[in-house]
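Following: one structure in structure tokens, then a few remarks.
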Amino acid sequence: MTATSHILVIDDEPQILRALRTILTEKHFRVTTASRGEEGLALAAATPPDLIILDLGLPDMDGIQVCARLREWTQVPILVLSVRDNEHDKVAALDAGADDYLTKPFGIEELLARVRVALRHSAQATGTKVTVIKAGDLVVDLARHVVTRTGAEVKLTATEFKLLAYLAANAGRVLTHQSILTHVWGEAEADHVEYLRVYMRQLRKKLEADPESPQFLLTEPGVGYRFLADE
Amino acid sequence: MLPSRLPFPFAFILRYLLAVLTIAGTTGLLYLLRNVLGTPLIALFYLLPVGLSTALWGLGSGLTASVCAFLAFNYFFIFPYYTLLVHETQDILVLVVFFVVAVVISQLVGRAQSSLAEAQAREREATHLYELSTALAGLRHKDPIARIMAERLREVFGAHTLEVVIQPALHEISTRYSAPVGVPLPKSTPDHVIPLTTARGLLGEIHLWRTDRPLSPAEERLLRTFASQGALALERALLAQAETRAQVLEESDRLKSALLSSVSHELRTPLATIKAAATSLRSGEVAWDTSARGDLIAAIDDETDHLNRLVGNLLDMSRIEAGALKPQRQWNILAEIVGGVLARMRRVTEQHHLDVEVPEDLPLVPVDYVQMEQVFTNLISNSLKYTPVGTTIRIRVRAQAEVLLVQVSNQGPPVPEEHLDRIFDKFYRVTAADRVTGTGLGLSICKGIIEAHGGRIWAENLPDGFAFIFALPLTWEGAPPRLPAEPENE
Numbered sequence: 085m086t087a088t089s090h091i092l093v094i095d096d097e098p099q100i101l102r103a104l105r106t107i108l109t110e111k112h113f114r115v116t117t118a119s120r121g122e123e124g125l126a127l128a129a130a131t132p133p134d135l136i137i138l139d140l141g142l143p144d145m146d147g148i149q150v151c152a153r154l155r156e157w158t159q160v161p162i163l164v165l166s167v168r169d170n171e172h173d174k175v176a177a178l179d180a181g182a183d184d185y186l187t188k189p190f191g192i193e194e195l196l197a198r199v200r201v202a203l204r205h206s207a208q209a210t211g212t213k214v215t216v217i218k219a220g221d222l223v224v225d226l227a228r229h230v231v232t233r234t235g236a237e238v239k240l241t242a243t244e245f246k247l248l249a250y251l252a253a254n255a256g257r258v259l260t261h262q263s264i265l266t267h268v269w270g271e272a273e274a275d276h277v278e279y280l281r282v283y284m285r286q287l288r289k290k291l292e293a294d295p296e297s298p299q300f301l302l303t304e305p306g307v308g309y310r311f312l313a314d315e
Numbered sequence: 138m139l140p141s142r143l144p145f146p147f148a149f150i151l152r153y154l155l156a157v158l159t160i161a162g163t164t165g166l167l168y169l170l171r172n173v174l175g176t177p178l179i180a181l182f183y184l185l186p187v188g189l190s191t192a193l194w195g196l197g198s199g200l201t202a203s204v205c206a207f208l209a210f211n212y213f214f215i216f217p218y219y220t221l222l223v224h225e226t227q228d229i230l231v232l233v234v235f236f237v238v239a240v241v242i243s244q245l246v247g248r249a250q251s252s253l254a255e256a257q258a259r260e261r262e263a264t265h266l267y268e269l270s271t272a273l274a275g276l277r278h279k280d281p282i283a284r285i286m287a288e289r290l291r292e293v294f295g296a297h298t299l300e301v302v303i304q305p306a307l308h309e310i311s312t313r314y315s316a317p318v319g320v321p322l323p324k325s326t327p328d329h330v331i332p333l334t335t336a337r338g339l340l341g342e343i344h345l346w347r348t349d350r351p352l353s354p355a356e357e358r359l360l361r362t363f364a365s366q367g368a369l370a371l372e373r374a375l376l377a378q379a380e381t382r383a384q385v386l387e388e389s390d391r392l393k394s395a396l397l398s399s400v401s402h403e404l405r406t407p408l409a410t411i412k413a414a415a416t417s418l419r420s421g422e423v424a425w426d427t428s429a430r431g432d433l434i435a436a437i438d439d440e441t442d443h444l445n446r447l448v449g450n451l452l453d454m455s456r457i458e459a460g461a462l463k464p465q466r467q468w469n470i471l472a473e474i475v476g477g478v479l480a481r482m483r484r485v486t487e488q489h490h491l492d493v494e495v496p497e498d499l500p501l502v503p504v505d506y507v508q509m510e511q512v513f514t515n516l517i518s519n520s521l522k523y524t525p526v527g528t529t530i531r532i533r534v535r536a537q538a539e540v541l542l543v544q545v546s547n548q549g550p551p552v553p554e555e556h557l558d559r560i561f562d563k564f565y566r567v568t569a570a571d572r573v574t575g576t577g578l579g580l581s582i583c584k585g586i587i588e589a590h591g592g593r594i595w596a597e598n599l600p601d602g603f604a605f606i607f608a609l610p611l612t613w614e615g616a617p618p619r620l621p622a623e624p625e626n627e
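Protein chains in written order, with my numbering: chain A, 85 to 315; chain G, 138 to 627.
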């Protein structure tokens, strides 16, 4: 992440644009704004940004459609903004290629954290991969297939490790149920959220201090899961 | 009665022929008995076939029989025989009297006959009308009205095909019902078009195709009466619909104004706090120390969350009202949902004790994660509102057969038994509204969500407090979850 990463914000609410422009500029980002989908697509093509913040409720076109159009030619990270009770749209946007989402209204710390994660992932995609992920007293070594907690190795089954590895490799990003199921169990089991629930419970029991209020293996209600690593 | 199926001229001629034949037969019989019977008696006997002909075949045949009988009587039985001449004055008198009596009898019988037929026709008409109005009574929609009318019309008028067309209301297409069902209507224009009109104007039309015989005046009259009955039924249906619409509008209007008054008050409270805190921070007159600044900022943050919850509740309520609350079910672990809610409510529950026991081995439950969070949030918020600081809020969960039972209890005051059901109604409060904050929607949203999941929610007074209890089905479309095989060991 360079100090002058360029962020394109596409939202039709002038107040949100104003607030985001002020805050992000203050945090040393270069900010461009668009209030319509078509305008956003044109801007993204004219001066390719390092990150796009996209509101799903645009007046001229569906935000999900904007995601799909962007993904036709660019892998720039997309962070979508949505409202509560619209889990279906969030999942659809993630499936259409968005990297993460935030539910309005959101705190600015949360937004900045998501922006950092997204920028780091896009940097990693072009550079060297991180193979050791740390989260509190937990260390996941993807290359050596070893998980330790406060220095002691934790025994995981093959499926448990596969699940944890997928989440950890995408640390900070939300992963939809379907993408996790497809990755760990295969296309045929993509609808069996119950598998995921059972294995997540097992993982939390082995890795979390309090499985009922997890610190690393977080649930994204109605959407999926997120692994929260140290920054 | 004569077979009326014969084509028109034959049936007509046959009636007269039969009258003539009857008189001929009678004449033959009387001729054989002429030595036994006197002239007056023979005249009397002749009246019999005359009356009979009228009764059976109508007035025309009766009059024909009268003339024939007069001639035969004169020819065969009045001296001089076998001529139509009459010598005796007395015989002339007999003949004249006979003829007059015969004609009078046939006319009387004929009139009685036709008024009987008319009475029967009227009775049929009345029966048809009665049946129609009984069938139409109580119908509140134009489709069944059109159907019943088409069926009855076809039965009564024996039309080949007919159609009942009802004028469309605004933004609708016209209702058409034809009989018999499935037979295409003729391309030709209908033989009869009868409008269905009332004081409101034209409501529809009856189209009738019947080419083989024209409508008799009686049939035409009956058809018009049918049409006016149908029109009345339609008008009744229209009025009933308008009344229902008016009631629904009134109800939703009442709800909206209740919602508005409740909401505007609820929205202003956090807004007032936010406004006060924000303007304080902006004002250059006071130099706030760090902790005061922090408090003001925290107030803005908290009240924003409060506003967000309010708006969420309002949206949920309007979805429940519109029947648009469709749970996005997935197999979920209830402990995870409860854990998430408690983590988010940690700050507001700080001053109460929370005692949560969700067993490890609970089966998965098919629910909408976000909606269930809403249920727990609302039940806990409600418990916080009505119980003093320092008391305990308890959450207990257990599976029982194919049902998951969840109990959220608090140490609040008991609610009068007669209010226990009503606390889930919109805007219902046990306590006076100005003493407790809230829109009065939380519990009714819980009820809406639980019921959308095929479950049930109720409230109970406990010996030491008050409890909300809800039951959720543990099966989804009749099946339990498909769990992975036992976890493999490395």
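Where is the CB? At the ideal position from N, CA and C, for every residue including glycine.
Checking the DSSP bridge columns, you'll see A/Leu186 partnered with A/Leu165. In the three-state reduction of the DSSP assignment, G/Gln508 falls in the helix class, which pools H, G and I.
Sixteen is the threshold: since fewer than 16 other Cβ atoms of the shown chains lie within 10 Å of the Cβ of G/Pro317, the residue is exposed.
Within chain G, Gly476, Ala480 have C-beta atoms less than 7 Å from the C-beta of A/Ser297, given in sequence order. As for any alpha helix (DSSP H) of minimum length 4 sitting wholly inside the stretch 480-528 of chain G, the runs are 506-523, ordered along the chain. A/Ala118 carries a strand assignment under DSSP once its states are collapsed to helix, strand and coil. With respect to G/Met509, G/Ile474 sits close: the two C-beta atoms are nearer than 9 Å. Shown in chain order are the members of the stretch 503-515 of chain G whose Cβ falls below 8 Å from a Cβ of chain A: Asp505, Tyr506, Val507, Glu510. Closer than 9 Å to the CB of A/Val282 there is at least one CB belonging to chain G. When Cβ-Cβ separations below 9 Å define contact, G/Thr416 makes no contact with chain A.
Shown here, G/Leu345 sits in a strand according to DSSP, grouped into three states. The C-beta separation of G/Gly585 from G/Ile457 comes to about 3 Å, placing the pair in contact by the 8 Å criterion. Within the same chain, Leu265, Trp269 come within 8 Å of A/His276 by CB-CB distance, once the 5 residues on both sides are set aside. In summary, G/Tyr506 is buried, with 16 or more beta-carbon neighbours lying within 10 Å of its beta-carbon over all protein chains present.
When the Cα atoms are used, A/Glu273 and A/Asp294 turn out to be separated by approximately 29 Å. Among the CB atoms of chain A, none fall inside 9 Å of the CB of G/Ala436. Inclusion of G/Thr163 and G/Ile215 in the CB contact set at 9 Å is not warranted, their separation being larger than that value. Among the residues of chain G, those whose CB is under 7 Å from the CB of A/Arg285 are Ile470, following chain order.
Counting the other CB atoms within 10 Å of its CB gives G/His489 a total of 16 or more, which places it among the buried residues. Counting along the chain, G/Thr264 sits inside the alpha helix (DSSP H) bounded by residues 226-273. Contact annotation for G/Leu501 against chain A: Glu278, Arg281 [CB-CB distance below 7 Å, chain order]. The stretch 539-555 of chain G and the stretch 508-525 of chain G touch, with three or more beta-carbon pairs separated by less than 8 Å. DSSP, read as helix, strand or coil, puts A/Lys289 in helix. Those residues of the stretch 171-194 of chain A placed with their C-beta closer than 7 Å to a C-beta in chain G are Glu171, His172, Pro189, ordered along the chain. Contacts between G/Arg619 and chain A, judged by CB atoms closer than 9 Å, involve His276, Glu278, Tyr279 in chain order.
In the three-state reduction of the DSSP assignment, A/Phe113 falls in the coil class, being assigned neither a helical nor a strand state. Burial state of A/Trp157 is exposed, judged by a 10 Å Cβ sphere holding fewer than 16 other Cβ atoms.
The three-state secondary structure of G/Val318, taken from DSSP, is coil. With a cutoff of 9 Å on beta-carbon distance, G/Gln384 and G/Leu266 are scored as not near each other. At least one C-beta of chain G is nearer than 9 Å to the C-beta of A/His261. Rounded to the nearest angstrom, the gap between the Cα atoms of G/Leu620 and A/Ala253 is 26 Å. Judged by DSSP in its simplified three-state form, A/Trp157 adopts coil rather than helix or strand. About 11 Å separates the beta carbons of A/Leu142 and A/Leu165, which is beyond the 8 Å limit, so they are not a contact pair.
Setting aside the 5 residues that flank it on each side, G/Trp468 is surrounded in the same chain by Leu501, Pro503, Pro618, each with a C-beta closer than 6 Å to its C-beta; the list follows chain order. A/Thr303 reaches chain G at Glu473, Ile474, Gly476, Gly477, Tyr506, counting residues in chain order whose Cβ is nearer than 9 Å. Look at A/Gln208 here: in three-state DSSP terms it is helix.
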